[in-house]
Every structure is written in structure tokens, then in C-alpha cells.
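Everything below concerns the one structure shown next.
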Amino acid sequence: MMWSSLAEGRLAGESSSKLPFVRIPSAYSQLFHGKHDYDLYTVPQINAGAEAKYWPRAKLLGGCSALNAMIYHYGAPSDYDEWAEFQDSQDGASGWFYKNFNEYFMKYEKYHPSEKFPLVDASLRGSSGPVEVGYFGHISEGTTKFIEACDKAGIAHSSPDVNTHKGSLGATKAMTYISPRGRRVTTESAYLTAAVLARPNLKVATKAQVTRVLFEQVHEAGGPETRAVGVEFTNPNGEKFRVKARKEVVLAAGAIHTPQILMLSGVGPADHLTAHNIPVVADLPGVGSHLMDHVVIDLRYKDKSESSVAFLRGQSFAQRLQLIAALLQYRLKGTGPLASNLAEAISFVRSDDPVLFPREEYPPEQVEEDTTSGPGAPDIELFFTPMAYRQHGQVILLPEHYFALHAVLLRPTSTGTIRLQSADPREPPLIDPEYLSTEHDVAVLVRAARLLTRIVRTEPLASMLDPAGDTDEALDYALGALDDEALAQRVREKAETLYHPACTARMAPLPDGGVVDPLLRVHGIANLRVADASVFPTIVSGHTAAPVIAVAEKAADLIKADFKRDSI
Numbered sequence: 001m002m003w004s005s006l007a008e009g010r011l012a013g014e015s016s017s018k019l020p021f022v023r024i025p026s027a028y029s030q031l032f033h034g035k036h037d038y039d040l041y042t043v044p045q046i047n048a049g050a051e052a053k054y055w056p057r058a059k060l061l062g063g064c065s066a067l068n069a070m071i072y073h074y075g076a077p078s079d080y081d082e083w084a085e086f087q088d089s090q091d092g093a094s095g096w097f098y099k100n101f102n103e104y105f106m107k108y109e110k111y112h113p114s115e116k117f118p119l120v121d122a123s124l125r126g127s128s129g130p131v132e133v134g135y136f137g138h139i140s141e142g143t144t145k146f147i148e149a150c151d152k153a154g155i156a157h158s159s160p161d162v163n164t165h166k167g168s169l170g171a172t173k174a175m176t177y178i179s180p181r182g183r184r185v186t187t188e189s190a191y192l193t194a195a196v197l198a199r200p201n202l203k204v205a206t207k208a209q210v211t212r213v214l215f216e217q218v219h220e221a222g223g224p225e226t227r228a229v230g231v232e233f234t235n236p237n238g239e240k241f242r243v244k245a246r247k248e249v250v251l252a253a254g255a256i257h258t259p260q261i262l263m264l265s266g267v268g269p270a271d272h273l274t275a276h277n278i279p280v281v282a283d284l285p286g287v288g289s290h291l292m293d294h295v296v297i298d299l300r301y302k303d304k305s306e307s308s309v310a311f312l313r314g315q316s317f318a319q320r321l322q323l324i325a326a327l328l329q330y331r332l333k334g335t336g337p338l339a340s341n342l343a344e345a346i347s348f349v350r351s352d353d354p355v356l357f358p359r360e361e362y363p364p365e366q367v368e369e370d371t372t373s374g375p376g377a378p379d380i381e382l383f384f385t386p387m388a389y390r391q392h393g394q395v396i397l398l399p400e401h402y403f404a405l406h407a408v409l410l411r412p413t414s415t416g417t418i419r420l421q422s423a424d425p426r427e428p429p430l431i432d433p434e435y436l437s438t439e440h441d442v443a444v445l446v447r448a449a450r451l452l453t454r455i456v457r458t459e460p461l462a463s464m465l466d467p468a469g470d471t472d473e474a475l476d477y478a479l480g481a482l483d484d485e486a487l488a489q490r491v492r493e494k495a496e497t498l499y500h501p502a503c504t505a506r507m508a509p510l511p512d513g514g515v516v517d518p519l520l521r522v523h524g525i526a527n528l529r530v531a532d533a534s535v536f537p538t539i540v541s542g543h544t545a546a547p548v549i550a551v552a553e554k555a556a557d558l559i560k561a562d563f564k565r566d567s568i
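With the first letter of the sequence shown counted as 1, position 410 gets the number 410 in full-length UniProt numbering; the numbers rise by one all the way through.
Right under this line is the structure:
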């Protein structure tokens with residue numbers, strides 16, 4: 001039997017299928033800090049406000065697909081060409097070129113055409129996979145105005161579909177993981193169907209925490225070999241169990257917990273493991289290293305049009321009445337504000353675009369290097385939300401109408417680490433992304449912030465801007481008047497995660513800090529693979545859920561190919 005930790009978070013949670021805050025697209029933040037969230041924090045980020053940053057991670061089957069913002073986007077095609085080239089011609093490297101890897105996006109997709117978006121070429125979308133994607137989410141008034149304002153500000157209006165070989169530059173409505181019934185599509189709902197769960201060769205263990213991978217030393221003709229032979233896990237009562245693997249162990253616990261499990265098992269930087277009295281099975285310095293994440297800054301404004309979905313918080317009596325009406329609409333039709341993924345409109349740009357950032361105002365030396373994967377790839381994402389929030393909703397604004405604009409650093413040069421606090425599996429790991437530790441990252445976000453302050457005062461979005469918010473210090477009306485130094489400081493203070501940690505067990509050659517090879521096998525250990533965001537060689541210039549699913553589909557094919565070869 002193959003044992004695979006199917007959900008990010010080591011399967012310590014339960015099924016999300018009956019949780020309303022998972023099913024209802026706009027309700028996902030209600031899971032933050034609750035029993036279905038690991039409630040993780042980074043160490044204080046000295047270059048980003050000197051604060052510990054909250055990192056939500058779902059403790060549910062389906063992992064973070066149960067609480068993300070449901071944007072269906074997989075980055076620029078050249079991101080995957082870069083992955084392939086980074087493998088230095090190792091066996092299987094060519095399979096990661098976009099022209100080859102794209103088959104896995106197509107394989108799992110089930111795209112639902114939309115009358116509102118007739119320009120989407122359905123022949124470039126998958127039609128029979130288990131993961132439903134399309135445009136069924138709510139579209140707020142500000143969403144269309146943001147896209148129009150982006151166009152007038154110089155951002156080319158792209159095709160509605162930013163998930164093709166044509167790339168992702170431009171502004172558009174986001175495609176989402178929302179079903180025709182208006183429900184969130186998670187990897188659990190897509191893959192763990194009743195028919196799959198009925199299979200006699202599958203056992204899904206919930207509320208079980210994987211504590212380590214089990215290894216054996218096997219003496220073969222070529223010499224001794226370390227081989228993964230199973231996993232150890234505990235139940236909520238602390239009872240310990242072991243599951244043996246007939247073929248392979250596959251770790252799919254995410255960019256935080258996969259390196260933690262590997263290190264607890266003795267696979268990682270030898271000096272770090274020895275410091276925690278963990279016997280070293282394999283000295284792999286890359287485990288838990290090269291942590292990359294997308295940093296976001298949020299700009300908040302008061303909405304004169306009163307078209308926001310702020311009522312979803314139900315703070316006032318009037319808001320509660322609106323919420324009741326929206327709940328009724330959602331229950332009857334699966335539509336309305338509750339079907340919003342909140343991050344409704346997206347725009348991808350380059351920080352060296354001379355139209356958006358004229359050289360006389362933005363000297364090239366301000367941004368030290370081109371970190372994109374190719375000339376058609378972005379390093380900045382902008383998005384619009386028909387509500388505003390602070391610190392992931394932990395700080396509540398007044399019960400009024402707001403909207404927000406957001407800027408994302410897609411190609412950071414700052415990298416961090418995941419490390420153990422101790423050898424106790426119950427303790428969360430030490431998370432240090434080292435946000436904004438390079439001047440390059442700050443300079444790119446300063447440019448992005450400047451662009452947002454222009455867009456918000458460009459029609460038709462400008463017509464939504466309520467002048468009454470101009471004196472509110474909690475809002476960002478005055479941001480555009482700051483000089484570069486002051487704006488850089490505000491960027492550092494505003495920096496938060498966009499929930500995209502990756503690269504902590506990266507696919508790379510050993511000399512480059514690699515942990516897995518292009519076939520996703522852990523270097524130097526037989527029968528052990530990794531299939532999650534931790535294997536990304538470098539972070540994609542977009543959202544991470546789609547490539548994670550594609551990595552998992554490819555991993556399944558790699559495993560099946562090996563099984564067939566061994567059976568001959």
C-alpha cells in the first residue's frame with residue numbers, strides 16, 4: 001500500500017465537505033484562527049514592520065484549497081520553462097517545460113463556458129477533469145470599474161483567460177474555483193468523491209498527525225541504500241501508529257509541514273538536526289531552505305457608490321438585514337455577494353514597463369535586476385476587492401462601505417527558512433520568510449504602490465472614491481503624496497502574506513540546494529517523493545494552487561510509470 005499525506009497540514013484535521021464557511025466562497029476568512037486553522041505565525045520580520053506575520057493554514061482535507069481566495073491562475077508559461085532549465089538536464093527535466101507540463105492543467109480542469117466571457121477559447125481549457133473552474137463568482141460594480149481604470153492607466157486589457165500559452169500580462173476578471181452552483185471547489189470535493197472513497201485500496205485517516213517517515217537501511221548489490229518504508233502518526237489521544245508502504249511514501253503536506261516532517265525524520269541540514277538530537281538519516285541542507293512567498297500590501301478606500309460587500313461582516317443592524325437577503329439569494333440561486341471570491345479582478349504587469357513606469361521618473365537602477373522568468377512574464381500583480389480589511393481581517397474597520405486595491409510582489413529576491421523549534425512534532429516550526437530583506441523587493445513594491453495610487457484616481461474607479469475618507473488615517477488617500485523613502489517605509493509596515501509559501505524542498509540538483517529530482521524523488525533516499533508547493537524550484541509569477549494540483553497529477557503519472565516498469 002502507498003501511504004500519502006493527502007492534505008496540507010498532515011491530515012490533522014477532518015473533512016471540509018459539510019462546513020458552510022468552506023462551501024460559501026466569501027466566507028473563508030471565518031476559518032482564520034479557528035479550530036480548522038493551524039494559526040501559524042512567522043518570527044518577527046525585522047524588515048517588514050518588525051512584527052510576527054499571521055500565516056493561515058487549513059487543518060482540513062484539501063488543505064489550503066479550503067480557505068484560499070479561489071483565484072484560478074497558474075503563472076506565466078516561462079515560469080515552467082525556467083523550472084526545466086534549472087534542472088541541469090537531469091533525467092525527467094524536460095517534462096517541466098510548459099509545452100509538456102501544460103497537459104496536467106488540461107487534465108484536471110473542467111472549464112464551464114460563460115456567456116459573459118465569450119472570448120475565452122474553450123479549446124485551450126480542459127473540459128473533463130475533476131476540478132471545476134469558470135466565472136461563476138459574483139462580479140461587483142467596482143470589479144468592472146477597476147479593469148477599465150487599469151486600461152486607461154496604460155495596462156493593456158488582456159484576454160479574459162490568463163491561463164494559456166499567451167501569458168498573463170493585463171487586467172481581467174479572475175477565473176475561479178467556484179462551481180456552477182456557486183460553491184467553492186476544493187481538492188477534497190474534486191478528488192475524494194464517494195466513488196473514490198469506496199475504493200478498497202484507499203484509507204483516509206483524519207485527525208491524524210504524521211510525526212515522521214520511517215526508514216530502513218537495505219544492502220543491495222551496489223551497496224547500502226536508505227529506503228522509506230512507511231510513516232508514523234498519532235491520533236488525537238496521542239496514540240502512535242505505523243503504516244508500512246509496499247511501494248512508496250509520498251509527502252504532500254505543503255511548504256511548511258513537508259520540510260518539518262522531513263527534518264523530524266532525520267532528513268535535512270545535519271547541523272540543525274544534531275542540535276535537536278535527531279539522528280541524521282540524510283544531510284540535505286536544502287530541506288526547509290529557500291522559502292519563498294508572495295508579499296502583498298493592501299490600500300484601503302471609502303466607497304462612495306456603497307456597492308461594497310462590507311455587510312458580510314454584519315456589524316450594524318442595516319448590514320445584518322443585507323446579509324440575510326444575501327443569504328437567501330445564495331441559498332435559492334447560488335449567486336449574489338456570498339458567491340464572491342472577494343479578489344474578483346486581477347492585473348499583471350512588469351515593473352520595467354516604460355508605459356507604466358517612464359524611465360525619466362523611474363530610473364532603471366531603482367530595480368536592481370529583472371527577476372521575471374521571461375519578457376512576457378510579470379513581477380507585479382494588482383487586484384481589487386469590494387471590501388477592505390486589515391491584517392487578514394483581524395482588525396475590523398468601521399461598519400461603512402470600503403473597497404481595497406492590493407499589490408503583490410510576484411518574484412521576490414528575499415528567501416527564508418523553515419526550521420524546527422524542537423524534536424517535538426506537536427510544536428509548530430519556526431517560520432522566517434525574511435520578507436523585504438533586499439532593496440530590490442522594496443523598490444518593486446514602491447512602484448506597485450505608485451501605480452495603484454494612479455489607478456484609484458482614474459475613471460471610472462475614481463467615481464467610487466469618497467472624499468469623506470481623505471482625513472481617515474486608517475485609509476490610504478495620502479499615500480501617493482509620500483516621497484520614495486516614506487513610501488518604502490509604509491510598504492514595509494503594510495507587508496503581509498498572500499498565502500503562497502513555496503520552494504522549501506525544491507526540485508534542483510544537489511549542488512544548488514536541491515531536495516528532490518525532476519521525478520520528485522528525494523535525493524539519496526529510495527521510495528520517497530514529495531508532491532506539493534515545496535518542490536517548486538522558484539515561486540511562480542501567479543497563484544500557487546493551480547500548479548500544485550498539476551504537480552500532484554504529474555506525480556501520479558511518475559509513480560504509475562515506475563510501478564509499471566517494476567512490474568515488467
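Even for Gly, the Cβ is constructed at its ideal location relative to N, Cα and C.
Just to confirm, is the Cβ distance from residue i to residue j under 7 Å?
i	j	result
residue 229	residue 214	yes
residue 76	residue 84	no
residue 300	residue 177	no
residue 533	residue 502	yes
residue 488	residue 442	yes
residue 382	residue 407	yes
residue 96	residue 80	yes
residue 515	residue 505	yes
residue 528	residue 249	yes
residue 181	residue 25	no
residue 90	residue 518	yes
residue 31	residue 67	yes
Where residue i and residue j are concerned, what is the direct C-alpha to C-alpha distance, given to the nearest angstrom?
i	j	result
residue 267	residue 231	14 Å
residue 445	residue 174	22 Å
residue 64	residue 191	15 Å
residue 497	residue 296	6 Å
residue 457	residue 468	15 Å
residue 303	residue 385	11 Å
residue 351	residue 438	16 Å
residue 153	residue 450	12 Å
residue 399	residue 363	42 Å
residue 225	residue 555	23 Å
residue 62	residue 23	12 Å
residue 426	residue 264	11 Å
residue 305	residue 311	14 Å
residue 28	residue 360	44 Å
residue 101	residue 550	8 Å
residue 327	residue 486	43 Å
residue 294	residue 194	35 Å
residue 151	residue 234	54 Å
residue 55	residue 491	19 Å
residue 42	residue 418	10 Å
Please list the terminal residues of the continuous alpha helix (DSSP H) segment that includes residue i.
i	result
residue 46	No alpha helix (DSSP H) contains residue 46, which DSSP labels as neither H nor E.
residue 553	545-567
residue 78	77-86
residue 320	317-333
residue 348	Element bounds for residue 348: not the alpha helix (DSSP H) but the beta strand (DSSP E), 345-349.
residue 454	439-455
residue 260	254-264
residue 143	141-152
residue 187	187-191
residue 173	From DSSP, residue 173 is part of no alpha helix (DSSP H) but of the beta strand (DSSP E) over 170-173.
Starting from residue i, trace the beta strand (DSSP E) both ways and give me its first and last residue.
i	result
residue 432	430-432
residue 298	295-302
residue 411	Careful: residue 411 lies outside any beta strand (DSSP E) and carries neither H nor E.
residue 214	209-220
Return the chain-ordered list of same chain residues with a C-beta closer than 6 Å to the C-beta of residue i, the five sequence neighbours on each side being excluded.
i	result
residue 10	With a pLDDT of only 39 at residue 10, under 50, the local geometry of the prediction cannot be trusted, and no value is derived from it.
residue 553	104, 107, 108
residue 569	Given that the chain is displayed from residue 1 to residue 568, the structure contains no residue 569 and the question cannot be resolved.
Note down, in chain order, each residue of its chain lying with its Cβ closer than 8 Å to the Cβ of residue i, except the 5 sequence neighbours on either side.
i	result
residue 525	215, 226, 227, 228, 267, 281, 282
residue 324	none
residue 576	Outside the modelled stretch of the chain, which goes from 1 to 568, sits residue 576, for which no answer is possible.
residue 219	225
residue 561	none
For the ligand SAM, is there any heavy atom lying closer than 6 Å to the beta carbon of residue i?
i	result
residue 178	The model depicted lacks the ligand SAM and carries no ligand whatsoever.
Kindly list the residues whose CB is nearer than 7 Å to the CB of residue i, restricted to its own chain and excluding five residues on each side of it in sequence; keep chain order.
i	result
residue 376	76, 78, 167, 169
residue 415	290, 291, 292, 434
Is the segment 101-111 close to the segment 127-145, with three or more CB pairs under 8 Å? Yes: at least three Cβ pairs fall under 8 Å.
Using 8 Å as the cut-off, can you tell me whether the segment 416-435 makes contact with the segment 32-51, which would need three or more C-beta pairs spanning the two stretches below that distance? With three or more CB-CB distances shorter than 8 Å, the segment 416-435 counts as touching the segment 32-51.
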